[in-house]
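Asks: The sequence shown begins at -12 in the numbering used here and counts up one residue at a time. For glycine and all other residues, C-beta sits at the position ideal for the given N, C-alpha and C. The structure presented is a predicted model; accordingly, all values stated were derived computationally and were not measured. I am attaching a structure below and will ask some questions about it afterwards.
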Amino acid sequence: HRHRSPPTREAFPSRRCRPSDPVIVFDVDGVLIDTANLVSLSYRMAGASPPDNILAQEQSNWLVESYGTSFASEIHRRKNGFYLRGLREVALLPPMRLAQLLTECDYGVGALTAAPIGAIEILRRRVDPWPFITAQDGMRTPAKMRCLITLDSVGVYIDDQDRSSDMPTGWR
């Protein structure tokens, strides 16, 4: 296998960069960074047994149903600490480079995540150049969808989970 560099702006000479194009917003976990194992490990280190597809569980109540409200809250708090410490080591995925290239072409690029508050700052220190005009952590899906509406009336939201039923009008 020969390693090939990702395409650069010069690789698309006919591409015309248009700042008026739609905003492009990425989810973070599972799209920009490879965190499925980190999330599972963080829950196990916090004393829980997470479901197999943990990144798809954001909307579910599996933790409360399995451990009760008060213990679930403590597990979640501990999981967040383990997650933030481990975030410094996870692999960046190819869409992170895509976000950088889109920014170079003057697209408005953002990132939203349900990851614990502090995750974006850790990533900001790791990723150079930082491609996002806006980035927010600690946002579950309903808050993300409200945020998309405030960013622009049209855009593209890139997620590893199907959120098509939640998308605001004008967003894909």
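Note down the Cα distance separating D16 from A102, rounded to an integer number of angstroms.
Replies: Numbered from its first residue, the sequence shown carries residue 16 at position 29. Numbered from its first residue, the sequence shown carries residue 102 at position 115. Going by the C-alpha atoms only, they are around 7 Å apart.
Asks: Roughly how many angstroms lie between the CA atoms of R72 and S29, to the nearest whole one?
Replies: Working through the sequence shown from its first residue, we reach residue 72 at position 85. Working through the sequence shown from its first residue, we reach residue 29 at position 42. Cα to Cα, R72 sits roughly 10 Å from S29.
Asks: Can you tell me the Cβ-Cβ gap for L50 and A43, rounded? I've got them flagged as a contact below 8 Å.
Replies: Within the sequence shown, the letter at position 63 stands for residue 50. Within the sequence shown, the letter at position 56 stands for residue 43. Rounded to the nearest angstrom, the Cβ distance from L50 to A43 is 14 Å, too far for a contact under 8 Å.
Asks: Rounded to a whole number of angstroms, what is the C-alpha to C-alpha distance between F13 and F69?
Replies: Here residue 13 refers to the residue found at position 26 when the sequence shown is read from its first residue. Here residue 69 refers to the residue found at position 82 when the sequence shown is read from its first residue. So the alpha carbons of these two residues sit roughly 23 Å apart.
Asks: Take T75 as the anchor and find which of N67, R65, R113, A86 has the nearest alpha-carbon.
Replies: Indexing the sequence shown from 1 puts residue 75 at position 88. Checking the sequence shown, residue 75 turns out to be Arg, not Thr. Of N67, R65, R113, A86, the residue nearest in Cα terms is R113.
Asks: Rank V96, M32, P37 by C-alpha distance to the C-alpha of G142 and give the top, closest one.
Replies: Locating residue 142 in the sequence shown gives position 155, where the first residue counts as 1. Per the Cα distances, V96.
Asks: Which residues in the same chain as G157 place their Cβ atom closer than 6 Å to its Cβ, once the five residues preceding and following it in sequence are excluded?
Replies: Indexing the sequence shown from 1 puts residue 157 at position 170. Same-chain partners within the cutoff: S140, V141.
Asks: Leaving aside the five residues before and after R(-11) along the sequence, list all residues of the same chain whose C-beta is less than 7 Å from its C-beta, in chain order.
Replies: Indexing the sequence shown from 1 puts residue -11 at position 2. For R(-11), the pLDDT reaches just 40, beneath the cut-off of 50, and the residue's location in the model is therefore unreliable, leaving the point undetermined.
Asks: Check the DSSP bridge columns for W117 and list the partner residues they point to.
Replies: Taking the first residue of the sequence shown as position 1, residue 117 is located at position 130. Partner(s): none; W117 has no beta bridge.
Asks: In this structure, does DSSP put Y54 in helix, strand or coil?
Replies: Indexing the sequence shown from 1 puts residue 54 at position 67. Here Y54 sits in helix by DSSP.
Asks: Return yes when the Cβ of A98 is within less than 7 Å of the Cβ of A122, no when it is not.
Replies: Your numbering for residue 122 matches position 135 in the sequence shown. Your numbering for residue 98 matches position 111 in the sequence shown. The answer is yes: Cβ separation under 7 Å.
Asks: Measuring straight from C-alpha to C-alpha, what distance separates L79 and S53?
Replies: By one-based count along the sequence shown, residue 79 stands at place 92. By one-based count along the sequence shown, residue 53 stands at place 66. In this model, L79 and S53 are separated by some 32 Å (Cα to Cα).
Asks: Would you list the residues sitting across from L99 in a DSSP beta bridge?
Replies: The residue labelled residue 99 in the question sits at position 112 within the sequence shown. Answer by DSSP bridge pairing, in chain order: D14, Q123.
Asks: Would you mind sorting A106 into buried or exposed? The rule is 16 or more other CB atoms within 10 Å of its CB.
Replies: Numbered from 1 along the sequence shown, position 119 holds the residue referred to as residue 106. Per the 10 Å Cβ criterion, buried.
Asks: Please report the straight-line C-alpha distance between D21 and M83, rounded to a whole angstrom.
Replies: The residue labelled residue 21 in the question sits at position 34 within the sequence shown. The residue labelled residue 83 in the question sits at position 96 within the sequence shown. Spanning the two alpha carbons is a distance of roughly 11 Å.
Asks: Using a Cβ-Cβ cut-off of 8 Å (strictly less than) and excluding sequence neighbours within five positions of G34, which residues of its own chain qualify?
Replies: On the sequence shown, position 47 is the one that residue 34 refers to. So the qualifying residues of the chain are I62, R65.
Asks: Specify, as a first and last residue, the run of the beta strand (DSSP E) that I136 falls within.
Replies: To locate residue 136, count along the sequence shown from 1; it is residue 149. Element bounds for I136: not the beta strand (DSSP E) but the alpha helix (DSSP H), 128 to 138.
Asks: Helix, strand or coil: how does DSSP classify V77 here?
Replies: Position 90 of the sequence shown holds residue 77. Coil.
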